[in-house]
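Visitor: In the UniProt record's numbering, the protein residues as written are 1 to 294.
For each residue, glycine too, the CB sits at the ideal point set by N, CA and C.
My questions all concern the structure below.
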C-alpha cells in the first residue's frame, strides 16, 4: 500500500471508530432486507473517506466480537458458456446469480440464489452451508437450488451444469442508517477466475471501494449524500464486472464505464486456491442463445 493509501485507510478507520456499535441481532431486527432495492456506487477511496467523515452521528456500525470490518469470500457459479453472466449482462427479466458466501471471521457460510422480482427488487434466498463445500454444489444444495430455479422459471436440471466460475474477496463494513436502511462499504476488492488463466487470472482494485445502499425502496440519506457529491449508481456487479474484466471476450457493455475507468488500472493479484472438488459438467443439450431466448 502506498503512503497515501495508508493515510486514507487510517482516516477511514478513525471515522468508523467514532460511530456507536450495533449488534447483529438488532441490525437484523431493524433492517432485515432480503427483498430490497440496492444501489451500488464505485467510488475512489478518498471520496468514500470524505463521505464517512460527514456521516450523521446517529449512524451505527455493525460490531461483532469487537470487530467492525469483516472478510468475505464469495464463489459464483455459472455454466461453461456463462449463462448466468449473459442473462445479467443482457438485463434479462429472469436472470439469476448463484454463489456461496463465506464469512471468514466467523467460519460460517451460505448458499445463495439472487433473482429479480417483477418490480425490479432484488430477492435473495439462502440456506446455511458448510464452508468446506464453498466451491461445490452438494446434493442437498442441488435439491434446494433446483426447486428455487423452477419457481423462477428455469429448468431444475440447470443445477447439474453449474460450476465455480469466479471468486470475489473483500472486506466489508455494515452501517445502520438513522432512517432504518442499511449500507455496506467494501474495500480491498479482489477477483479471481476459477478456471485459472496464468498471470491474468486475478485482479485487485485497491484505489476504489464499493458503497451500497440497501433499502425497502425509498431513497436513503446515503444515496442523497452520494448524489450531492456527484456520484451516481454505477450498476456495478461483483460477479458481472469481475467476470467481464477477467474475460474481455465476453460482452461487457453494461459495465463499460467501470471497465474503461477504475478496472483499467486494476493490478494483478495472486489467485486464491479453491478447495474441494468442482461440480462436473454433463454433455450440453441446449445452446446458451436458446436458453436466453426462453
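From the DSSP output, read off the bridge partner residues of residue 203.
Guide: Translated into the one-based positions of the chain shown, residue 203 becomes position 203. According to DSSP, which records beta bridges pairwise, residue 203 is partnered with 191 and 268.
Visitor: Check for me: the alpha helix (DSSP H) holding residue 28 runs from which residue to which?
Guide: By 1-based counting over the chain shown, the position of residue 28 is 28. 24 to 30 is the extent of the alpha helix (DSSP H) around residue 28.
Visitor: Considering residue 97, what are the terminal residues of the beta strand (DSSP E) in which it resides?
Guide: Against the chain shown, residue 97 aligns to sequence position 97. Looking at the DSSP string, the run of the beta strand (DSSP E) that includes residue 97 is 96 to 103.
Visitor: Taking residue 238 as part of the alpha helix (DSSP H), name the residues at either end of that continuous run.
Guide: The residue labelled residue 238 in the question sits at position 238 within the chain shown. That run of the alpha helix (DSSP H) goes 238 to 246.
Visitor: Could you give the C-beta distance for residue 188 and residue 43, rounded to a whole number, given that I count them as a contact under 8 Å?
Guide: The residue you call residue 188 lines up with position 188 of the chain shown. The residue you call residue 43 lines up with position 43 of the chain shown. At roughly 15 Å, the Cβ-Cβ gap does not stay under 8 Å, so residue 188 and residue 43 are not in contact.
Visitor: Examine the Cβ distances between the region 151 to 169 and the region 52 to 67 and report whether three or more of them are shorter than 8 Å.
Guide: No, they do not touch.
Visitor: Report the rounded CA-to-CA distance for residue 216 versus residue 37, giving the unit in angstroms.
Guide: In the chain shown, the residue the question calls residue 216 occupies position 216. In the chain shown, the residue the question calls residue 37 occupies position 37. Rounded to whole angstroms, residue 216 to residue 37 spans 6 Å at the Cα level.
Visitor: By the 10 Å Cβ neighbour count, where 16 or more other Cβ atoms means buried, how is residue 28 classified, buried or exposed?
Guide: For the purposes of this step, residue 28 is taken as residue 28 along the chain shown, with counting starting at 1. When all chains shown are included, residue 28 counts as exposed.
Visitor: On the three-state DSSP scale, how would you describe residue 181?
Guide: Taking the first residue of the chain shown as 1, we reach residue 181 at position 181. Reduced to three states, the DSSP call for residue 181 is coil.
Visitor: Considering residue 148, what are the terminal residues of the beta strand (DSSP E) in which it resides?
Guide: Position 148 of the chain shown, counting from 1, holds the residue named residue 148. Careful: residue 148 lies outside any beta strand (DSSP E), inside the alpha helix (DSSP H) at 139 to 151.
Visitor: Grab me the residues of residue 158's own chain with a C-beta within less than 7 Å of its C-beta, minus the 5 sequence neighbours each way, in chain order.
Guide: As a first step, residue 158 is located in the chain shown; it is residue number 158 there, counting from the start. So the qualifying residues of the chain are 149.
Visitor: Pick helix, strand or coil for residue 21, following the three-state DSSP scheme.
Guide: Position 21 of the chain shown, counted from the start, is the residue given in the question as residue 21. Reduced to three states, the DSSP call for residue 21 is strand.
Visitor: Give a yes or no on whether the C-beta atoms belonging to residue 236 and residue 41 are separated by under 9 Å.
Guide: On the chain shown, residue 236 is found 236 positions in, with the first residue counted as 1. On the chain shown, residue 41 is found 41 positions in, with the first residue counted as 1. Yes, these two residues count as a Cβ contact at 9 Å.
Visitor: For residue 264, which residues in the same chain have their Cβ closer than 7 Å to its Cβ, ignoring the five residues on either side in sequence?
Guide: Taking the chain shown and counting its residues from 1, one reaches residue 264 at position 264. Excluding positions up to five away in sequence, the list is empty.
Visitor: Contact defined as beta carbons within less than 8 Å: I believe residue 259 pairs with residue 252. What is the distance between those atoms, to the nearest angstrom?
Guide: As a working note, residue 259 is residue 259 in the chain shown. As a working note, residue 252 is residue 252 in the chain shown. About 6 Å; that satisfies the 8 Å criterion.
Visitor: Going by Cα to Cα distance, which pick from 21, 14 and 110 is closest to residue 141?
Guide: What you label residue 141 is simply residue 141 of the chain shown in a count that begins at 1. Comparing Cα-Cα distances from residue 141 to each of 21, 14 and 110, the minimum goes to 110.
Visitor: For residue 26, count neighbouring Cβ atoms within 10 angstroms of its own Cβ and tell me buried if that reaches 16, exposed if not.
Guide: As a position in the chain shown, residue 26 is number 26, starting the count at 1. With fewer than 16 Cβ atoms within 10 Å of its Cβ, residue 26 is classed as exposed.
Visitor: At the level of alpha carbons, what is the spacing between residue 241 and residue 255?
Guide: Taking the first residue of the chain shown as 1, we reach residue 241 at position 241. Taking the first residue of the chain shown as 1, we reach residue 255 at position 255. Rounded to whole angstroms, residue 241 to residue 255 spans 6 Å at the Cα level.
Visitor: Give the straight-line distance between the Cα atoms of residue 39 and residue 98, rounded to the nearest whole angstrom.
Guide: Within the chain shown, numbered from 1, the residue matching residue 39 stands at position 39. Within the chain shown, numbered from 1, the residue matching residue 98 stands at position 98. If you take the alpha carbons of residue 39 and residue 98, they lie about 19 Å apart.
Visitor: Mind the definition here: the region 43 to 63 touches the region 199 to 208 only if three or more C-beta pairs lie below 8 Å; say whether that holds.
Guide: Judged by Cβ distances under 8 Å, the region 43 to 63 makes contact with the region 199 to 208, as three or more pairs qualify.
Visitor: Taking C-alpha atoms, which residue in 202, 257, 77 and 89 lies nearest to residue 234?
Guide: Counting from one through the chain shown, the residue named residue 234 turns up at place 234. Selected option, being the one with the closest Cα: 257.
Visitor: Just how far apart, CA to CA, sit residue 75 and residue 191?
Guide: Within the chain shown, residue 75 is the residue found at index 75, counting from 1. Within the chain shown, residue 191 is the residue found at index 191, counting from 1. C-alpha separation (whole angstroms): 10 Å.
Visitor: Run through the DSSP bridge pairs and tell me what residue 115 is partnered with.
Guide: For the purposes of this step, residue 115 is taken as residue 115 along the chain shown, with counting starting at 1. Paired residues: 96 and 123.
Visitor: Going by DSSP, which residues form a beta bridge with residue 171?
Guide: Taking the chain shown and counting its residues from 1, the one referred to as residue 171 is at position 171. Partner(s): 71 and 187.
Visitor: Note the first and the last residue of the continuous alpha helix (DSSP H) segment covering residue 221.
Guide: Counted from its first residue, the chain shown places residue 221 at position 221. Residue 221 -> alpha helix (DSSP H) spans 221 to 228.
Visitor: Please state the DSSP three-state secondary structure of residue 88.
Guide: In the chain shown, the residue the question calls residue 88 occupies position 88. Residue 88: helix per DSSP, three-state reduction.
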